[in-house]
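In the numbering used here, the protein residues as written are 148 to 450.
Glycine included, every Cβ here is placed at the ideal spot set by N, Cα and C.
Have a look at the structure below, then the notes.
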């Protein structure tokens, strides 16, 4: 609604300006014609043109000033030019500026937000029997040891060995499926356009994700969105993982963030709660449509 009103207001101003220009040009043309017809009076006609230009401008300014005086509206003729750096109401009157609490930074988790965590498909593609995929998942991605890939302290091989020690009957399939993570993530088609839209709207875009070095190194094309963001933290590089408070404090400090001007989006609720405890607004991601609705509620609409 406000956009339409603004457009109408500027259209009216343009029409008024065009009419004024046409009248002035018309006056000059008329006086020029008279100067050719009555060359003896050309100097007087020149003075008339100059006087008309100045006089009409002053008259219009006075009329606008009087209108503003009686209506209370802020106009271009108002005598309070010092309010130009203040907020104004719909009439242009200066109003107290509200405390700034707008969002300027959007922080994304990666897995199941910007990319699909496709470990089941990866195992199938590597030849793991369908009836064993969930069992292998229980022995790997659903264990506490799996977090060590994201923490980045132990080597990839050391973690695989620990997983095999924990489930020796599945060691063959653990090696087959996870000796490298090629195919473990799939880039979502919405991710890069979303990031580009946010950046075009002048938001800073960061990532904050529990992620392993092997997953990044073996899935370059699927991680192409990293070239579009303004930075962020991948857990394996700094050896901290969500939802530990240290990882949220780290991104706040590293990027000099104002927490209440940031929103963090993650598909895991406990990670969102961790961000909220650090003062960052949070969205529990469930779908792209739900996320967009939540962003709009926070005032992020130009995407």
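Restricting to Cα atoms, I'd like to know which of the options is closest to residue i.
| i | options | result |
| --- | --- | --- |
| residue 412 | 162, 433, 403 and 324 | 433 |
| residue 194 | 175, 360 and 446 | 175 |
| residue 354 | 259, 436, 275 and 323 | 259 |
| residue 410 | 166, 162, 257 and 445 | 445 |
| residue 282 | 356, 311 and 335 | 311 |
| residue 378 | 392, 342 and 391 | 342 |
| residue 443 | 314, 253 and 279 | 253 |
| residue 391 | 360, 327, 198 and 356 | 356 |
Using a 10 Å radius around the Cβ and a threshold of 16 neighbouring Cβ atoms, would you call residue i buried or exposed?
| i | result |
| --- | --- |
| residue 448 | exposed |
| residue 287 | buried |
| residue 255 | buried |
| residue 184 | exposed |
| residue 438 | buried |
| residue 419 | buried |
| residue 372 | buried |
| residue 249 | exposed |
| residue 204 | exposed |
| residue 389 | buried |
| residue 422 | buried |
| residue 210 | exposed |
| residue 330 | buried |
With DSSP collapsed to three states, give me the class of residue i.
| i | result |
| --- | --- |
| residue 356 | strand |
| residue 262 | strand |
| residue 327 | coil |
| residue 379 | strand |
| residue 403 | coil |
| residue 334 | strand |
| residue 428 | strand |
| residue 413 | strand |
| residue 252 | strand |
If we count Cβ pairs, one from each stretch, closer than 8 Å, do we get three or more for the stretch 294-310 versus the stretch 363-373? no
Does the structure place the stretch 414-421 close enough to the stretch 251-270 that three or more beta carbon pairs sit under 8 Å? yes
Kindly confirm or deny that the stretch 313-323 and the stretch 345-364 touch, where touching means at least three C-beta pairs closer than 8 Å. no
Start-end ranges of the alpha helix (DSSP H) lying completely within the stretch 274-325, minimum 4 residues: 280-286, 294-298, 303-313 and 318-325
Contact the stretch 423-431 vs the stretch 394-407: 3+ CB pairs below 8 Å: yes
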